[in-house]
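In terms of our numbering, the sequence shown opens at residue -19 and continues consecutively.
Ideal Cβ placement from N, Cα and C applies to all residues, glycine included.
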Amino acid sequence: MPKTLIAAALLSLLVPAAIAQESPRIEINKQAPIVAHSEIYIDAALAAVWSVLADIDSWTSYMPEFASARLDGPMQPGTMLLWEPQGQYVESRLVAVETDKLLVWNGSGGAVHVWELTSSGSGTVLRNDESIDDAAWSAGPTPEAGSEFLTQSLSVWDDRIAEQVKLTR
């Protein structure tokens, strides 16, 4: 399946337009029916990688599956992330923001999305984890297939961020 379609299908997991849980969670649920992990080494400083990840208004420039993406306020916990992947309006809530280190949001279906950046040699390891508590949000016939699909989708997003970092240096 082409990477664009994988990323597009990932984003469709986050519909309908439901607001993130009121009780913020900053770690994924490793026992959730849908769990995914991806990471990539990017030959760039933490600040360069963070700059691309945290520039939510620019996501649409390198994620063509997103019709829109913006924050409804400052980059801080409690702010809503409003985005439209594949024509589906999604509201997520930022729950943790540590510049150059961590970005976490909660979404519908009990989703927890964690981006973690760590320095490694002259570059950065970008770690991308997500869990979804509600198996009904699976993009596959089973939660296991949903986890595999979500892992592939997170990998696409990581690759796109790495490409964007290279373009902005």
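Looking at the DSSP output, V105 bridges to Y21 and T98.
Approximately 12 Å separates the beta-carbon atoms of S111 and V84; this is outside 8 Å, ruling out the contact.
Secondary structure note for S72: its beta strand (DSSP E) is the uninterrupted segment V70 to E78. Counting only the Cα atoms, P44 lies some 18 Å from K146. In this structure, L134 sits away from S38, with a CB-CB distance that is not shorter than 7 Å. The beta carbon of L26 lies closer than 7 Å to those of D80, L97, S99 and T104 in the same chain, with the five residues before and after it left out. In the same chain as I20, and ignoring 5 residues on each side of it, the C-beta atoms closer than 6 Å to its own belong to L106, D138 and A142, in chain order. Counting only runs of at least 3 residues, the segment 35 to 74 fully encloses the following beta strand (DSSP E) elements, listed from N- to C-terminal order: 46 to 51 and 60 to 65. Among the bridge pairs identified by DSSP, N86 is matched with R73 and V92.
Annotation: Q11 is outside any alpha helix (DSSP H) and is labelled neither H nor E by DSSP.
Around the CB of I6, fewer than 16 other CB atoms lie within 10 Å, so the residue is classed as exposed. In this structure, the CA atom of A125 is about 27 Å from the CA atom of L74.
Beta-bridge partners assigned by DSSP to S111: V15 and V92. Around the C-beta of D52, fewer than 16 other C-beta atoms lie within 10 Å, and the residue is accordingly described as exposed.
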